[in-house]
Amino acid sequence: EAGVAQSPRYKIIEKRQSVAFWCNPISGHATLYWYQQILGQGPKLLIQFQNNGVVDDSQLPKDRFSAERLKGVDSTLKIQPAKLEDSAVYLCASSFMGAGETQYFGPGTRLLVL
Amino acid sequence: GQQLNQSPQSMFIQEGEDVSMNCTSSSIFNTWLWYKQDPGEGPVLLIALYKAGELTSNGRLTAQFGITRKDSFLNISASIPSDVGIYFCAGPIYNQGGKLIFGQGTELSVKP
C-alpha cells in the first residue's frame, strides 16, 4: 500500500514570495491533516479536512495560509506571502476516518524562506 | 491550553544500553501515542496506549500509560544504531475531533 505522498521535498524562496505544497493521502483515507514542524519542535496542526470539508483550521494563519481539498482526495497548502518565520517542515498526514484513528505521515516538504 | 513536556531533550548513549524517556502534561489524556521521526522523514507511530496503567510492548520498545493519565513513559532496551531519531509523544485534545498535540521531542543518538 502506497504511503502519503508529498511534493516538493524541498523548497527555497525569498520572503514575500508565494509557495504551494501538494499532498496525496493514502487511498481511501477520508481525513487529511497539514502540520507545521519548526526545527526543534513537534508538529503543530494547521488544518484538518474530513473529505473535502474543513474540520479544524483554528491554528491556520488565514491572512497568509490557505488550503483546499476540492475533490476529497489530494490537497494543496499555499503560503502567500511567505515570511522568514514560515521556514519549517510541512507535514501532511491522513487517517481512515478521524478521531481515534492512526495518522500516517508523509515525508514532509522542507521550506526555507530567505 | 494543553501541553506535553518531554524529557530529556536529547540523549547520547552507547549501543546496547537501555533508554528511558518520559512525557508529562498538566492535563489528563485518554490516549497516549509515541512516534519516531527519522531524519528527513515524517513521524511513524510506534505504540498507542488507551488505558491508564496499560503497559504495551513493540519489540524492544515498551511504553506505559501513567496511572494519573498525565504522563507516559517509553523505554528502549538494548539500543542499536537504527534507534537514532527523534521520539515524540502525542495525545488527542479532549473533544476536538482527533486533533493531536505533540511534545517537543527527545533526540536519541546511539554510538556504535
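Residue numbers (this note's numbering), protein chains in the order written: chain Y, 1 to 114; chain Z, 1 to 112.
Backbone N, C-alpha and C define an ideal beta-carbon position, used for all residues, glycine too.
Predicted model, so just to flag it, every value in this text is computed and none were measured.
- In the structure shown, the three-state DSSP call for Y:P61 is coil.
- Within the region 80-106 of chain Y, the residues whose Cβ lies closer than 9 Å to any Cβ of chain Z are, in chain order, V89, L91, C92, A93, S95, M97, G98, A99, G100, E101, T102, Q103, Y104, F105 and G106.
- In this structure Y:T109 is in contact with Y:R9, their Cβ atoms being roughly 6 Å apart against a cut-off of 8 Å.
- DSSP lists no beta-bridge partner residue for Y:P81.
- Contact between Z:L45 and Y:T102 is confirmed by a C-beta separation of about 6 Å, below the 8 Å threshold.
- Neighbours of Z:G105 across chain Y, judged by C-beta separation under 7 Å: G42.
- Secondary structure within the region 36-89 of chain Z: the beta strand (DSSP E) runs of 3 or more consecutive residues, fully enclosed, are 44-49, 55-58, 61-65 and 71-76 (chain order).
- For Y:I13, the enclosing beta strand (DSSP E) stretches over residues Y10 to I13.
- Counting every other CB atom within 10 Å of its CB across the protein chains shown gives Z:K36 a total of 16 or more, marking it as buried.
- For Y:L39, there are no neighbours in chain Z by C-beta distance under 9 Å, as the nearest C-beta there is about 11 Å away.
- Put simply, the region 12-29 of chain Y touches the region 70-87 of chain Y. At least three CB pairs are less than 8 Å apart.
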